[in-house]
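Colleague: Sending over a structure as structure tokens; questions will come in a sec.
Protein chains: 2
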Amino acid sequence: MLDHSILETLPEELQKEALETIRVMRFPPGRVLFQAGEHCQGLPLMLSGAVKVQMTGVSGNSIVLYRMGADDICTLSIGCLMTGYGYRAEAVVEEESEAAMVPRGLFDRLMDQSAAFRLGIMESYGRRLDDLMLLVEEVAFRRMDERLEEWLQARRSPIRITHQELAVELGTAREVVSRLLKELERKGRVRLARGKIELVGS
Amino acid sequence: MLDHSILETLPEELQKEALETIRVMRFPPGRVLFQAGEHCQGLPLMLSGAVKVQMTGVSGNSIVLYRMGADDICTLSIGCLMTGYGYRAEAVVEEESEAAMVPRGLFDRLMDQSAAFRLGIMESYGRRLDDLMLLVEEVAFRRMDERLEEWLQARRSPIRITHQELAVELGTAREVVSRLLKELERKGRVRLARGKIELVGS
DNA sequence: GACAGTTCAGTGATAAAGTCACACTGTCCT
DNA sequence: AGGACAGTGTGACTTTATCACTGAACTGTC
Chain B
14 MLDHSILETL PEELQKEALE TIRVMRFPPG RVLFQAGEHC QGLPLMLSGA VKVQMTGVSG
74 NSIVLYRMGA DDICTLSIGC LMTGYGYRAE AVVEEESEAA MVPRGLFDRL MDQSAAFRLG
134 IMESYGRRLD DLMLLVEEVA FRRMDERLEE WLQARRSPIR ITHQELAVEL GTAREVVSRL
194 LKELERKGRV RLARGKIELV GS
Chain D
14 MLDHSILETL PEELQKEALE TIRVMRFPPG RVLFQAGEHC QGLPLMLSGA VKVQMTGVSG
74 NSIVLYRMGA DDICTLSIGC LMTGYGYRAE AVVEEESEAA MVPRGLFDRL MDQSAAFRLG
134 IMESYGRRLD DLMLLVEEVA FRRMDERLEE WLQARRSPIR ITHQELAVEL GTAREVVSRL
194 LKELERKGRV RLARGKIELV GS
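Chain order of the listed sequences is B and D. For the first sequence, position 100 matches number 113 in my numbering, and the numbering has no gaps at all. For the second sequence, position 143 matches number 156 in my numbering, and the numbering has no gaps at all.
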């Protein structure tokens, strides 16, 4: 337990406090970790599983901003913790996940006393910023058919997903996904079924 | 000099080191602070002026990600400093600016010894993430005519900007901006001239 | 002031993507 | 078997992006 790389090299005293105050929580698929507007209780360190972070615009459309997996840190929560503002996005568990919840007090002490912890936090922030910058570029300038194909190629074949969910992944409309997929099927690149996409060849 | 809120409440020793090792630099409009791929020498703390941070996609199109003004921190540089990766975006000075360059060593010591400094850094990161998340939503879902009008309304009347620059602000093509502006002119909401937009009424 | 070179703006044609409306089709439940 | 419903397909239309080109406005030089 508490197997997270950011907690590896802590001074003895903090190690002890960590073991005492960090609660490990387990979340089933579908569980909503937090929603827009909510406030943050502590910093979640992902131990296992997969969580997607998405936001919903004023228009009602949603887009997946990034994913968290084992050994990730919920960067959004840090800002939430430090500034006291609510979350702007929501996090949904995709695969059964475990997370270690670091309470505010311990977080402050870790930041104060462990250079390794600070480095981990900063790196995490840096990666998130990079992810989001890339996403902005993708959404603003890249063609949807390219992005869709890329998304499909990045997983293995029987992909279980609805067109609506795929639309949220890419930040577009369901109809656009349906049409592009149909086009790919006509070209013989995929086979479609309800809730399932099979990649052909490649 | 060194008038930046994040340096306000430092312990005496650090205050001294700060005065000794921080160089204040002055940049004229148009000066490129950093470019994609470059590496980072230190953390710039903005003392005055305005700098825009933009990125250029593989397609060659650019989009403004955010701006920095007085008392801001160049958040991108932190990630760059900590991870050693190059910048992914570029920063261009818009108005004559002054920045205090905090070298790596001092940055580490400040993070180590000043809770106020850490808080400032974290807040800055949080704000940047928020900015980018909002931008993703804008670019993905909002209509260009609305975004353009909003952009125009946010400044005062004789706006000196070319259609190309405005396109980069909004992350779209120059032609789109030209057409939307022409439409606004037909509706009597703006008056157009080369490199200038005048808002009518409102 | 005339000219050339350059930047900026306007616009038609066409393609890609988003929106709205509605029909159709698997799946599940009783 | 027969709904109920989530998921998918598609036509019609609007908005945005892209390409190609024209012309207008500014700059500097002679």
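Backbone N, C-alpha and C define an ideal beta-carbon position, used for all residues, glycine too.
Would you say residue 111/B and residue 39/B are within 7 Å of each other, going by their C-beta atoms?
Modeller: Translated into positions along the first sequence, residue 111/B becomes position 98. Translated into positions along the first sequence, residue 39/B becomes position 26. Contact flag set, yes.
Colleague: Do we get a CB-CB distance below 7 Å when we pair residue 137/D with the residues of chain B?
Modeller: Along the second sequence, read from residue 1 onward, the residue named residue 137/D stands at position 124. Not one chain B Cβ lies under 7 Å of residue 137/D.
Colleague: When Cβ atoms are compared, which residues of the stretch 118-132 of chain B fall closer than 8 Å to chain D?
Modeller: 121, 124, 125, 128, 131 and 132
Colleague: Can you give the Cα-Cα distance for residue 10/D and residue 212/B, rounded to whole angstroms?
Modeller: Since the first residue of chain D shown is 14 and the last is 215, residue 10/D is not available in this structure.
Colleague: With H, G and I counted as helix, E and B as strand and the rest as coil, what does DSSP make of residue 15/B?
Modeller: Translated into positions along the first sequence, residue 15/B becomes position 2. Coil, per DSSP.
Colleague: Buried or exposed: residue 203/B, going by 16 or more other Cβ atoms within 10 Å of its Cβ?
Modeller: Counted from its first residue, the first sequence places residue 203/B at position 190. Taking all protein chains in view, the Cβ of residue 203/B is crowded by 16 or more other Cβ atoms within 10 Å, so the residue is classified as buried.
Colleague: Nearest-angstrom Cα distance between residue 185/B and residue 151/D?
Modeller: Within the first sequence, numbered from 1, the residue matching residue 185/B stands at position 172. Within the second sequence, numbered from 1, the residue matching residue 151/D stands at position 138. Cα to Cα, residue 185/B sits roughly 12 Å from residue 151/D.
Colleague: Kindly indicate if chain D contains any beta-carbon less than 7 Å away from that of residue 96/B.
Modeller: Taking the first residue of the first sequence as 1, we reach residue 96/B at position 83. Cβ-Cβ to chain D under 7 Å: yes for residue 96/B.
Colleague: Quick check for students: name the residue ranges of the alpha helix (DSSP H) that lie wholly in the stretch 181-206 of chain B, counting only runs of 4 or more.
Modeller: For the stretch 181-206 of chain B, the continuous alpha helix (DSSP H) assignments of 4+ residues that do not extend past its boundaries occur at 187-199, in sequence order.
Colleague: Restricting to Cα atoms, I'd like to know which of 60/B, 58/B and 80/B is closest to residue 68/B.
Modeller: Taking the first sequence and counting its residues from 1, one reaches residue 68/B at position 55. Nearest neighbour of residue 68/B by Cα position, chosen from 60/B, 58/B and 80/B, turns out to be 80/B.
Colleague: Work out the CA separation of residue 158/B and residue 197/B for me, nearest whole Å.
Modeller: Taking the first residue of the first sequence as position 1, residue 197/B is located at position 184. Taking the first residue of the first sequence as position 1, residue 158/B is located at position 145. Going from the Cα of residue 197/B to the Cα of residue 158/B covers about 9 Å.
Colleague: Going by DSSP, name the residue or residues bridged to residue 39/B.
Modeller: The residue labelled residue 39/B in the question sits at position 26 within the first sequence. Beta-bridge pairing links residue 39/B to 111/B.
Colleague: Whose C-alpha, out of 54/D, 194/D, 45/D and 208/D, is nearest the C-alpha of residue 120/D?
Modeller: Reading the second sequence from its first residue, position 107 is the one you call residue 120/D. Minimum Cα distance to residue 120/D is reached at 54/D.
Colleague: Taking only three categories from DSSP, how would you classify residue 21/D?
Modeller: As a first step, residue 21/D must be located in the second sequence, where it is residue number 8. Coil.
Colleague: Kindly indicate if chain D contains any beta-carbon less than 7 Å away from that of residue 75/B.
Modeller: Stepping through the first sequence from its first residue, residue 75/B is reached at position 62. For residue 75/B, the answer is no, since every Cβ of chain D falls outside 7 Å of its Cβ.
Colleague: May I ask which residues mark the beginning and end of the alpha helix (DSSP H) holding residue 80/B?
Modeller: For the purposes of this step, residue 80/B is taken as the residue at position 67 of the first sequence. DSSP places residue 80/B in no alpha helix (DSSP H) but in the uninterrupted beta strand (DSSP E) bounded by 75-82.
Colleague: Give the C-beta separation of residue 1/D and residue 65/D to the nearest angstrom, bearing in mind that I take them to be a contact with Cβ-Cβ under 8 Å.
Modeller: Since the first residue of chain D shown is 14 and the last is 215, residue 1/D is not available in this structure.
Colleague: Measuring CB atoms only, is the stretch 17-32 of chain D touching the stretch 125-136 of chain D, in the sense that at least three cross pairs come out at less than 8 Å?
Modeller: yes
Colleague: First and last residue of the alpha helix (DSSP H) that includes residue 129/D?
Modeller: Here residue 129/D corresponds to residue number 116 of the second sequence, with the count starting at 1. First-last of the alpha helix (DSSP H) with residue 129/D: 128-154.
Colleague: For a contact meaning CB atoms closer than 8 Å, what does residue 72/D contact in chain B?
Modeller: Numbered from its first residue, the second sequence carries residue 72/D at position 59. Those within 8 Å of residue 72/D in chain B are 154 and 155.
Colleague: Can you name, in chain order, every residue of its own chain whose Cβ lies under 8 Å from the Cβ of residue 176/B, other than the five neighbours on each side?
Modeller: The residue labelled residue 176/B in the question sits at position 163 within the first sequence. Counting only Cβ-Cβ distances below 8 Å, and skipping sequence neighbours, we find 187, 190, 191 and 194.
Colleague: For residue 90/B, is the classification buried or exposed, using 16 other Cβ atoms within 10 angstroms of its Cβ as the cut-off for buried?
Modeller: As a first step, residue 90/B is located in the first sequence; it is residue number 77 there, counting from the start. Flag for residue 90/B reads buried.
Colleague: Just the Cα atoms here: how many angstroms apart are residue 43/D and residue 135/D?
Modeller: As a working note, residue 43/D is residue 30 in the second sequence. As a working note, residue 135/D is residue 122 in the second sequence. Cα to Cα, residue 43/D sits roughly 29 Å from residue 135/D.
Colleague: Specify, as a first and last residue, the run of the alpha helix (DSSP H) that residue 88/D falls within.
Modeller: Residue 88/D sits at position 75 when you count from the first residue of the second sequence. Taken as a continuous stretch (DSSP letters only), the alpha helix (DSSP H) holding residue 88/D covers 88-96.
Colleague: Determine the direct distance from the alpha carbon of residue 47/D to that of residue 36/B, and round the result to whole angstroms.
Modeller: Position 23 of the first sequence, counted from the start, is the residue given in the question as residue 36/B. Position 34 of the second sequence, counted from the start, is the residue given in the question as residue 47/D. Going from the Cα of residue 36/B to the Cα of residue 47/D covers about 43 Å.
Colleague: Hey, quick one: how far does the alpha helix (DSSP H) through residue 166/B stretch, first residue to last?
Modeller: Residue numbering aside, residue 166/B sits at position 153 when the first sequence is read from its first letter. First-last of the alpha helix (DSSP H) with residue 166/B: 157-166.
Colleague: Give the DSSP-derived three-state secondary structure of residue 26/B in the structure shown.
Modeller: On the first sequence, residue 26/B is found 13 positions in, with the first residue counted as 1. Correct three-state label for residue 26/B: helix.
Colleague: Please report the residue range of the beta strand (DSSP E) in which residue 61/D lies.
Modeller: The residue given as residue 61/D occupies position 48 in the second sequence. First-last of the beta strand (DSSP E) with residue 61/D: 55-69.
Colleague: Flag residue 149/B as yes if its beta-carbon sits less than 7 Å from any beta-carbon of chain D, otherwise no.
Modeller: As a working note, residue 149/B is residue 136 in the first sequence. It does: the Cβ of residue 149/B has a partner Cβ on chain D nearer than 7 Å.
Colleague: So, at 7 Å on beta carbons, what are the nonlocal neighbours of residue 102/B in its own chain, with the 5 sequence-adjacent residues on each side left out?
Modeller: Against the first sequence, residue 102/B aligns to sequence position 89. The answer, listed in chain order, is 49, 66, 67, 68, 78 and 89.
Colleague: Tell me whether residue 173/B sits in a helix, a strand or coil according to DSSP, three-state version.
Modeller: Along the first sequence, read from residue 1 onward, the residue named residue 173/B stands at position 160. Strand, per DSSP.
Colleague: According to DSSP, simplified to helix, strand and coil, what is residue 33/B?
Modeller: One-based indexing of the first sequence puts residue 33/B at position 20. Three-state DSSP puts residue 33/B in a helix.
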